[in-house]
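If you're matching positions, the sequence shown starts at 6 in the numbering used here and goes up one per residue.
For glycine and all other residues, C-beta sits at the position ideal for the given N, C-alpha and C.
Just so we're clear, the structure is a prediction, and the values are computed from it rather than from any experiment.
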Amino acid sequence: LLASTPWQARIIPNRYPFVEELPAEAAAAEHSPAASHPAHGVHDVVIESPDHVRSILDVDPARWRDVWELCRRRLAMLAGRDDLVWATIFKNSGPRAGASLEHLHSQLVALDFVPPAIAAELAAARAAADGFVDLMRQAENEGRIVAEEGDLVALVPHAIRQPFETWIVPRAAEAWFHATSPDRVAALAALTHRFVARLERIVPGADYNWWLHQAPHARCAATAPPDGWRWHLEILPRLSSFAGFELGTGCHISVATPAESARLLRT
């Protein structure tokens, strides 16, 4: 865009990327789990407002929806590249969540490999084909549904890492956010805006992270998602620090139960 062109949100290359575009021969090198290799990929910054604001609550809801649609389109562009196999968008909001800038922004990263967390999630889904259906059914039975918008459900998972942790999940199977409908983009925008407003009411000034989990790109047949798998957004408030026990075991201690977290987020 020209400097004089008005804009409401934009995506630009990160000035300090942790992955970079590499020459074709380096990007095409075979990856071995036992060896290191150059970090090839794309690392963007999503500037979510032209104004110097810190919270998504300072963005008009219609413009916030447009931010998510902009991200969806960028993810779709990256999904068409032969050198990339997976992409995500994530937000670090506040210093406890790792944010280094005050100005409202998210980050978008595409990689040439499937991250371990995604590989593990896909493996678990293959072992339990109805996992997402069970996730939502149990949340309904145990009072852990926070809100619904369209066919998206915001729920508190049964094993939370922090109080008020919330996942946003489609009711119908859909592997890629970049291929979702305008209605789901609008629903995700509405639910994220609503969650931050409720978290701010409960814990004013709370920092949080969120990240998108979607399947590897469609051309990656070896890591194809199982039937019934769903993209989802995980939102993690950062109310306490991860200490030795959490970091050393992968187990987490929460001072609030999932049901209590959901009840407070609903009211």
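{"query": "Is it the case that the Cβ atoms of A267 and V90 are separated by a distance below 7 Å?", "result": "no"}
{"query": "Look at the Cβ atom of W12, then the Cβ atom of T93, and state whether they are nearer than 7 Å.", "result": "no"}
{"query": "Quick one: what does DSSP say R149 is sitting in, helix, strand or coil?", "result": "coil"}
{"query": "Taking E239 as part of the alpha helix (DSSP H), name the residues at either end of that continuous run.", "result": "Careful: E239 lies outside any alpha helix (DSSP H), inside the beta strand (DSSP E) at H237 to P242."}
{"query": "How many angstroms separate the CA atom of G249 from the CA atom of E205?", "result": "28 Å"}
{"query": "Measuring alpha carbon to alpha carbon, tell me which of L116, R79 and H257 ends up nearest P22.", "result": "L116"}
{"query": "Quick one: give me the first and last residue of the alpha helix (DSSP H) that S266 is part of.", "result": "P263 to R271"}
{"query": "Taking DSSP as the reference, what is the three-state secondary structure of R59?", "result": "coil"}
{"query": "In whole angstroms, what is the alpha-carbon distance linking N214 and G233?", "result": "26 Å"}
{"query": "Please report how far the alpha carbon of L80 lies from the alpha carbon of N19, in whole angstroms.", "result": "15 Å"}
{"query": "Does the segment 44–64 come close enough to the segment 122–135 that 3 or more CB-CB pairs lie under 8 Å?", "result": "no"}
{"query": "Buried or exposed: which applies to Q219, given that a residue is buried once 16 or more other Cβ atoms fall within 10 Å of its Cβ?", "result": "buried"}
{"query": "Can you name the residues that DSSP bridges to Q112?", "result": "V50 and F95"}
{"query": "Please identify the residue among T197, R271, R235 and A223 whose C-alpha is closest to the C-alpha of P175.", "result": "R235"}
{"query": "What's the gap between the Cα of R149 and the Cα of L27?", "result": "45 Å"}
{"query": "Which value, in whole angstroms, describes the spacing of the CA atoms of A84 and P230?", "result": "15 Å"}
{"query": "For T171, name the three-state secondary structure that DSSP assigns.", "result": "strand"}
{"query": "Apply the 10 Å Cβ neighbour rule to P55 and answer buried if 16 or more other Cβ atoms are within range, or exposed otherwise.", "result": "exposed"}
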